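Quick notes on the structure that follows.
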Amino acid sequence: MTDMIRVENLRKNFGEFRALDGVDMHVPKGSIYGLAGPNGAGKTTLLRHIMGIYRQDEGKVLVEGKLVYEQPDVKNRMIFISDDLFYFQQADTMEMKRFYKGIYPGFDEKLFEKLKEVFQNIDTKRRIRKLSKGMQKQVSFWLGLCCSPGILILDEPVDGLDPVMRRQIWNLLLSERKKRGMTVLVSSHNLRELEEVCDYVGIMHQGRIRMERSLQELQGTVSKIQTAFEQGVPVLPETFQVLHMSNLGRVYTMIVKGDSGKAREELEKLHPLFVDVLPLTLEEIFIYEMGGADYGIQEILL
Ligand code: ADP
Ligand code: MG
0 MTDMIRVENL RKNFGEFRAL DGVDMHVPKG SIYGLAGPNG AGKTTLLRHI
50 MGIYRQDEGK VLVEGKLVYE QPDVKNRMIF ISDDLFYFQQ ADTMEMKRFY
100 KGIYPGFDEK LFEKLKEVFQ NIDTKRRIRK LSKGMQKQVS FWLGLCCSPG
150 ILILDEPVDG LDPVMRRQIW NLLLSERKKR GMTVLVSSHN LRELEEVCDY
200 VGIMHQGRIR MERSLQELQG TVSKIQTAFE QGVPVLPETF QVLHMSNLGR
250 VYTMIVKGDS GKAREELEKL HPLFVDVLPL TLEEIFIYEM GGADYGIQEI
300 LL
């Protein structure tokens, strides 16, 4: 698959502080890519480089194969829904809509009307800066989505929103992506939030992407199995790679490498009392994939 966005060895210092320390990242065309990482990891800084707002000290940012800072034309393909919102101080939602419509020829008026129902709590005639922070966030998402960008970049889009609105935002992203095939890059300090919507996830920590995976590829890389035998655990075959094992009485919970079907098959041969395959969360998969390394994964997940 071709990369819509590719970042190579990106470095950025703010004075003495190294905010980006050699970022490599690949966002495939048409994917929803989740950028996860604790606060201060460098997510916003990275997204601002991808938008061509910041100039890197070193490295490359390519969008559709073009260097984004040096060839700013490609910026017209992207919409950035920023974490810190700024709007024309006096504008209301309808005025902002007209403004966006003037800039983005693909502005989807029908979608805007349709979404009035979703965002019915927003008074579109009220100055945006007088709306609550959560409402301002909704307005910027609403307008950004209607611009029909080829690439939509969202920085913590659901942070501070209530659970119902969060769900709405994720559902809209999924359905619009399906309809239009746009590429979505979305950051969150909460991995769990991204788990259900993303095709790819990158884990950022201290200015670097520590791991980048397609979720499809992750399925079947590790499995969680619960089993019990008459007595303890028999000797397991060598091919059976246990990453972690714990027990409560006779019941053993194991994290094993590879596909759960195969693991079950192997265990069945040893005459267990039962074998159950349990679902693994993305968090668990990452922790075991990283060998339990302390990359602040726990912090990401709260
Ligand atoms: P995240 O979005 O993952 O929470 P940020 O990209 O906002 O992280 O920040 C990463 C680090 O860079 C933080 O330690 C932050 O204080 C620092 N930083 C970000 N922007 C600036 C700036 N303009 N000047 C100085 N330091 C900055
Ligand atoms: Mg941020």
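Counted from 1, the sequence shown has number 195 at position 196 by numbering that gives the first Met the number 0; the numbering is strictly sequential.
We treat Cβ as the ideally placed atom computed from N, Cα and C, and that holds for glycine.
Nothing here was measured: the structure is a model prediction, and the numbers come from that model.
If I'm right that residue i touches residue j with Cβ under 8 Å, what's the distance once you round it to whole angstroms?
i	j	result
asparagine 75	histidine 188	With 8 Å as the limit, asparagine 75 and histidine 188 do not qualify as a contact, their Cβ atoms being about 29 Å apart.
aspartate 154	threonine 43	6 Å
glutamine 240	lysine 223	That pair is no contact at about 14 Å.
aspartate 91	isoleucine 127	6 Å
glutamine 218	threonine 252	19 Å between Cβ atoms; not a contact.
glutamine 132	glycine 105	Note that residue 132 is lysine in the sequence shown here, rather than glutamine. Contact flag wrong, Cβ pair sits at about 28 Å.
isoleucine 150	isoleucine 80	The Cβ separation is near 12 Å, so there is no contact.
arginine 10	glutamate 57	4 Å
asparagine 12	aspartate 23	Going by Cβ atoms, the distance from asparagine 12 to aspartate 23 rounds to 18 Å, so no, they are not a contact pair.
arginine 212	valine 196	With 8 Å as the limit, arginine 212 and valine 196 do not qualify as a contact, their Cβ atoms being about 15 Å apart.
glycine 41	leucine 19	5 Å
phenylalanine 118	cysteine 145	Not really, about 11 Å apart at Cβ, beyond 8 Å.
valine 67	isoleucine 78	Valine 67 to isoleucine 78, Cβ: 14 Å. No contact.
proline 156	lysine 177	At roughly 18 Å, the Cβ-Cβ gap does not stay under 8 Å, so proline 156 and lysine 177 are not in contact.
valine 232	isoleucine 254	With 8 Å as the limit, valine 232 and isoleucine 254 do not qualify as a contact, their Cβ atoms being about 14 Å apart.
valine 183	leucine 172	6 Å
isoleucine 282	leucine 190	Inspection of the sequence shows that residue 282 is occupied by glutamate rather than by isoleucine. Contact flag correct, Cβ pair sits at about 6 Å.
phenylalanine 285	methionine 210	7 Å
aspartate 198	isoleucine 4	In fact, because the Cβ distance is near 14 Å, the residues do not count as touching under 8 Å.
leucine 235	tyrosine 287	With a Cβ gap of about 17 Å, leucine 235 and tyrosine 287 do not count as contacting.
glycine 206	arginine 17	6 Å
leucine 34	serine 186	4 Å
valine 274	leucine 266	5 Å
State the beta-bridge partners of residue i as determined by DSSP.
i	result
methionine 210	Ile202
asparagine 246	Tyr251
alanine 343	The structure shown does not extend to residue 343, since the chain is modelled only from 0 through 301, so no value can be given for it.
arginine 5	His25 and Leu61
alanine 35	Ser187 and Ile202
alanine 227	Val250 and Phe273
phenylalanine 13	Phe16
tyrosine 151	One detail in the question is off: residue 151 reads as leucine in this sequence, not tyrosine. DSSP lists Ile78 and Val183 as partners of leucine 151.
arginine 126	Asp91
leucine 66	Leu61
serine 222	Val255
valine 234	DSSP output for valine 234 lists no bridge partner at all.
valine 241	Val255
Mind checking whether the beta-carbon of residue i lies closer than 7 Å to any heavy atom of the ligand NAD?
i	result
glycine 39	Within the structure as shown, the ligand NAD is missing, the only ligands being the ligand ADP and the ligand MG.
Following the continuous alpha helix (DSSP H) through residue i, name the residue where it begins and the one where it ends.
i	result
alanine 262	259-267
valine 138	132-145
phenylalanine 98	92-102
isoleucine 52	Here isoleucine 52 belongs to no alpha helix (DSSP H), and DSSP marks it neither H nor E.
lysine 109	108-114
tyrosine 287	281-288
Can you give me the start and stop residues for the beta strand (DSSP E) that residue i sits inside?
i	result
phenylalanine 273	273-277
isoleucine 121	No beta strand (DSSP E) holds isoleucine 121; DSSP gives it neither H nor E.
Counting only beta-carbon atoms, is residue i nearer than 8 Å to chain C?
i	result
aspartate 198	Among the chains in the structure shown there is no chain C, since it carries only a single protein chain.
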